[in-house]
Ligand code: AMP
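Numbering (mature numbering (1 follows the signal peptide of the UniProt record, and there is no 0)), first residue to last: -26 to -1, 1 to 918.
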């Protein structure tokens, strides 16, 4: 009885509350909430109940009856309504909750109002991967910054830092700052726009906000390579107390943040990253006016930023992957904004609301991974549907049918373009409704590494290139050739080698990204800036020691003294006395000394001794003119100042024992004094009296300089003997090369033969051939023909690497057997006849492919452990005889015990038609294969 009375009172309460007559039907209570209301938020409390009723509610417990099939709300016993699951206005804008209060039922109408930017949009253009190994706290993107900066002391700092996780940030201070200082990440739903705002009081990083601020650098931009420039980063610094000038900042920084008086600086970064690929951006940072703070930077030369999507671990999103995804039922969560990509059968912002659906899926699931000839499984599935009838219709109009089933699987084996077209799955439910889903198969690609109409040709691409069905190998930046086996030719870089290098002063150009590796004394993006502040050498690390207004060479720190100063550091009075005769210096009065020096200089100059022994810009011109007559390409590849840049001081060289002899000079082991200590070098001299020797000396020097100008530091050790320097400003001229303690390959092979007394191929010797094949590839890229590839011109380094040497066609001590004078009238050249290609003998034509012929002979030398090549049993042949023999198709006799593959390779190198000979890249591949098989054969024999 008491219960009934209470119920009656409660009903009257609602009536009073809603101001309707007691006898009328109960009306709805209306609650309006934004659709993005947080889960757990209370949206209705008992306080909304009239006081009379509120007193009774404890005894009249509330309960949700209906109107919320997917459990979006919880109704507590004391009539509080709490959001239990994420809401989504597009799925259900209004909920009519039927609530029982005691014995009465009543309705609460919950209206969802639109919230801007909600629900977040899943934008596939900037989808990030799921990072399976990631830990919470890892970044969504890895950021790699490559930077070159000039320090206040004039030294150059350059380096690359990669940041993929918090622990990559060395300083704990910055780590905590990243979390502790207020920041926020705003991502635009539609265009993959990331806006990052960080506001703080003071930071002291590499380029501090303060540094930028006090240098009036209020913003800078970074643009994407290969594309029309677009703003990637915009940094705006806003000092507290000043008006915000940036519209962007005003738009995106909440007022509460702007008015926060505890912070001085805002860093605002805005970028559009509508891709799933790695991108590099070059930042243009204006010049600093003055260095500030603790960072000793005078300028930032360049800053490149590489952005690579890494992805968050499953269930996390945000730049620091520190936010928790709400996605359910296997839905994918977007790394930017946590938006969910619902799988079939689910809907709602969290994909937790069942949806009547039908889907057709494939295995492999990604259509891009379905290749011609694959077996593809299709699956038609009904989700949350009472199915009466299910059918699958193929492109050829045939059908597969099932009754009362919720899925149908079928396999299409050996899929071909003829199988392309729509595969439609149709479902009818118990109420007669039909649902459809169509998958359009469009398979056009062969399996990776296959190409051609029939997908039966192998691409065999190198260096990570992909294989296109019709175009073959699609090379990554920096590579070219049918198999992407060739580095971009000199002076070019990038995709399809279409971009021109801008590196200057002998800098290397990285073929993939065009980045310049500066030589000693230069810095800047293009290596066009000489060291400043009395600095010289690599990255301007060395301090000049020149005195008395002398000019210091930015390259090697040598001092150009101002009269009357002399000496290494220009700190001695100029005298005619040598350093060994200091007494004389003190005896001759200064005036007569200067006079005497002037007279001596004039005499020396007149007699041509001085003018000849000090090559200047005019000398370089003269040499270039000579070179141009001989080799256009070579002359073109030399940059102004090439001669001077390699120049070393003769007084820094201490010649040692003779280690080899060539036709035009000697090779001595020597010690070179360098800023980094003593260096063992091979010093190659020439006899300058002879104009031919003089020409050959500069030709060899020019080739070596050209090779070194274009060599790329990043591609590891080169197989061309390293040029250390040149000495041309003294009577004795030297080419200084890295010292190869194991001498030349021919001597090496012969020593093996003498030691073992046996002949036969050593598997490891093929390693030397591989090295030289690589050297030929390097030369090919530079379009330089060596013209004298032979074992005698290959040096073996201390690390057992074979390097190609002797670029001057210098005729050496084997001249009697190995070089022959051309028997045409007037010819005074001595030529390595038995190594020469047919066309070189016949027409004097030398190409990289004629080097391949000679390389075949080098292989023969290796296989015979250093025998002299002979035809018809003869090592000495005239030009005419040689041409006759080769034209008859005769070639060097195959060495005994030579593996078939190696013999075959030699024969291919000696094909009449240069274009039919293998390229150095192909040779390398074949040799590596052969070497592997020799080693495995050897291992098997050892095991047995
Ligand atoms: P070349 O005039 O370049 O043919 O050199 C003559 C000989 O000197 C070679 O056959 C080698 O034995 C020796 N030689 C030349 N350059 C070097 C070097 N960089 N290191 C060691 N020995 C060398």
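Using N, Cα and C, we set each Cβ at its ideal position, and we do this for glycine too. As the structure is a computational prediction, the values presented were derived from the model and not from experiment.
For the ligand AMP, any of its heavy atoms closer than 7 Å to the Cβ of residue 633?
Stepping through the chain shown from its first residue, residue 633 is reached at position 659. The answer is yes for residue 633.
Inspect the beta-carbon positions of residue 492 and residue 483 and report whether they are closer than 8 Å.
Stepping through the chain shown from its first residue, residue 492 is reached at position 518. Stepping through the chain shown from its first residue, residue 483 is reached at position 509. No, the Cβ-Cβ distance between residue 492 and residue 483 is not below 8 Å.
Return the CA-CA distance between residue 248 and residue 320, expressed in angstroms with no decimal places.
Here the question's residue 248 lines up with position 274 in the chain shown. Here the question's residue 320 lines up with position 346 in the chain shown. The straight-line gap from Cα to Cα measures roughly 27 Å.
Cutting at 8 Å between CB atoms, please list the residues of its own chain near residue 444, excluding the five before and the five after it.
The count along the chain shown starts at 1 and reaches residue 444 at position 470. Excluding positions up to five away in sequence, the list reads 425.
Reduced DSSP secondary structure (H/G/I, E/B, other) of residue 576:
For the purposes of this step, residue 576 is taken as the residue at position 602 of the chain shown. In this predicted model, residue 576 has a pLDDT of only 32, less than 50, meaning its place in the structure is not dependable; the value taken from the coordinates is given anyway. DSSP places residue 576 in helix when its eight states are reduced to three.
CA-CA distance, residue 39 and residue 73?
In the chain shown, the residue the question calls residue 39 occupies position 65. In the chain shown, the residue the question calls residue 73 occupies position 99. Approximately 5 Å between the Cα atoms of the pair.
Should residue 848 be listed as close to the ligand AMP, given that the test is whether its C-beta is under 7 Å from any heavy atom?
In the chain shown, the residue the question calls residue 848 occupies position 874. In this structure, the C-beta of residue 848 stays at least 7 Å away from each heavy atom of the ligand AMP.
Tell me whether residue 870, by its Cβ, gets closer than 7 Å to a heavy atom of the ligand AMP.
Position 896 of the chain shown, counting from 1, holds the residue named residue 870. Incorrect: residue 870 has no Cβ contact closer than 7 Å to the ligand AMP.
Cβ-Cβ separation, residue 323 to residue 93 (assumed contact under 8 Å), whole Å:
Taking the chain shown and counting its residues from 1, the one referred to as residue 93 is at position 119. Taking the chain shown and counting its residues from 1, the one referred to as residue 323 is at position 349. Right, their Cβ atoms sit about 4 Å apart.
For a minimum of 3 consecutive residues, which ranges assigned as the beta strand (DSSP E) are wholly contained in the stretch 428 to 473?
440 to 442, 446 to 448
How about residue 470: is its Cβ closer than 7 Å to a heavy atom in the ligand AMP?
Position 496 of the chain shown, counted from the first residue, corresponds to residue 470. Incorrect: residue 470 has no Cβ contact closer than 7 Å to the ligand AMP.
In the DSSP output, which residue or residues are listed as bridge partners for residue 325?
Numbered from 1 along the chain shown, position 351 holds the residue referred to as residue 325. Residue 325 is not bridged to any residue.
In whole angstroms, give me the CA-to-CA distance for residue 313 and residue 281.
As a position in the chain shown, residue 313 is number 339, starting the count at 1. As a position in the chain shown, residue 281 is number 307, starting the count at 1. Between residue 313 and residue 281, the alpha-carbon positions lie close to 22 Å from each other.
Which residues does DSSP list as the beta-bridge partners of residue 617?
Residue mapping note: residue 617 aligns to position 643 of the chain shown, counting from 1. Note: residue 617 sits in no beta bridge, so no partner.
Would you call the stretch 7 to 16 and the stretch 77 to 95 in contact, with 3 or more CB pairs under 8 Å?
yes
In the DSSP assignment, what are the bridge partners of residue 81?
The count along the chain shown starts at 1 and reaches residue 81 at position 107. DSSP, once it has assigned bridges, lists 72 as partnering residue 81.
Please report the residue range of the beta strand (DSSP E) in which residue 354 lies.
The count along the chain shown starts at 1 and reaches residue 354 at position 380. It spans 350 to 357 - the beta strand (DSSP E) in which residue 354 sits, taken as one unbroken run.
Nearest residue (CA-CA) to residue 349, options 61, 387, 382:
As a working note, residue 349 is residue 375 in the chain shown. For residue 349, the nearest C-alpha among the options comes from 387.
Is any heavy atom of the ligand NAP found at a distance shorter than 7 Å from the C-beta of residue 712?
In the structure on display, the ligand NAP does not appear, and the ligands it does have are the ligand AMP.
The ligand AMP and residue 921: does any heavy atom of the ligand fall closer than 7 Å to the residue's C-beta?
Outside the shown range of the chain (-26 to 918) lies residue 921, about which nothing can therefore be said.
What do you get for residue 4, buried or exposed, if any count of 16 or more other CB atoms within 10 angstroms of its CB means buried?
Taking the first residue of the chain shown as 1, we reach residue 4 at position 30. By the 10 Å Cβ count, residue 4 comes out exposed.
Report yes if the C-beta of residue 641 is less than 7 Å from at least one heavy atom of the ligand AMP; otherwise report no.
Looking up residue 641 in the chain shown gives position 667. Indeed, a heavy atom of the ligand AMP lies less than 7 Å from the Cβ.
Residue burial classification, residue 527 (beta-carbon count within 10 angstroms, cutoff 16):
Numbered from 1 along the chain shown, position 553 holds the residue referred to as residue 527. Buried is the label assigned to residue 527, since at least 16 other Cβ atoms lie within 10 Å of its Cβ.
In whole angstroms, what separates the C-alpha of residue 905 from that of residue 450?
Counting from one through the chain shown, the residue named residue 905 turns up at place 931. Counting from one through the chain shown, the residue named residue 450 turns up at place 476. Those two C-alpha atoms are separated by around 28 Å.
Does the distance from the C-beta atom of residue 828 to that of residue 856 stay below 8 Å?
Taking the chain shown and counting its residues from 1, the one referred to as residue 828 is at position 854. Taking the chain shown and counting its residues from 1, the one referred to as residue 856 is at position 882. No, Cβ-Cβ distance for residue 828 and residue 856 is not below 8 Å.
Neighbourhood of residue 79 by C-beta distance below 8 Å, restricted to the same chain and skipping five residues each side:
Reading the chain shown from its first residue, position 105 is the one you call residue 79. Short of 8 Å from the beta carbon of residue 79, and not among the five residues preceding or following it, lie these beta carbons of its own chain, in chain order: -1, 39, 72, 73.
Measure the alpha-carbon distance for residue 841 versus residue 467 and round it to whole angstroms.
In the chain shown, residue 841 corresponds to position 867, counting from 1. In the chain shown, residue 467 corresponds to position 493, counting from 1. Each residue's Cα considered, the two are about 42 Å apart.
Grab me the residues of residue 373's own chain with a C-beta within less than 6 Å of its C-beta, minus the 5 sequence neighbours each way, in chain order.
Position 399 of the chain shown, counted from the first residue, corresponds to residue 373. So the list reads 365, 367, once near-sequence residues are dropped.
Which residues in the same chain have their Cβ closer than 6 Å to the Cβ of residue 656, if we skip the five residues on either side of it in sequence?
Indexing the chain shown from 1 puts residue 656 at position 682. Same-chain partners within the cutoff: 641, 711, 713.
Residues bridged to residue 115 (per DSSP)
As a first step, residue 115 must be located in the chain shown, where it is residue number 141. Paired residues: 283.
With distances taken Cα to Cα, identify the nearest neighbour of residue 721 among 644, 835, 369, 678.
Within the chain shown, the letter at position 747 stands for residue 721. Restricting attention to 644, 835, 369, 678, the CA atom closest to the CA of residue 721 is found in 835.
Pull the bridge partners of residue 426 from the DSSP assignment, please.
In the chain shown, the residue the question calls residue 426 occupies position 452. Answer is none; residue 426 lacks a bridge partner.
Per DSSP, what kind of secondary structure is residue 66 in: helix, strand or coil?
Position 92 of the chain shown, counting from 1, holds the residue named residue 66. Of the three classes helix, strand and coil, the one that applies to residue 66 here is coil, per DSSP.
Out of 748, 825, 881, 547, which has the shortest C-alpha to C-alpha gap to residue 863?
The residue you call residue 863 lines up with position 889 of the chain shown. Ranking the options by Cα distance to residue 863, first place goes to 881.
Give the DSSP-derived three-state secondary structure of residue 278 in the structure shown.
In the chain shown, counting from the first residue as 1, residue 278 sits at position 304. Here residue 278 sits in strand by DSSP.
Give the straight-line distance between the Cα atoms of residue 356 and residue 336, rounded to the nearest whole angstrom.
As a working mapping, residue 356 is identified with position 382 in the chain shown. As a working mapping, residue 336 is identified with position 362 in the chain shown. Their backbone Cα atoms lie some 15 Å apart in a straight line.
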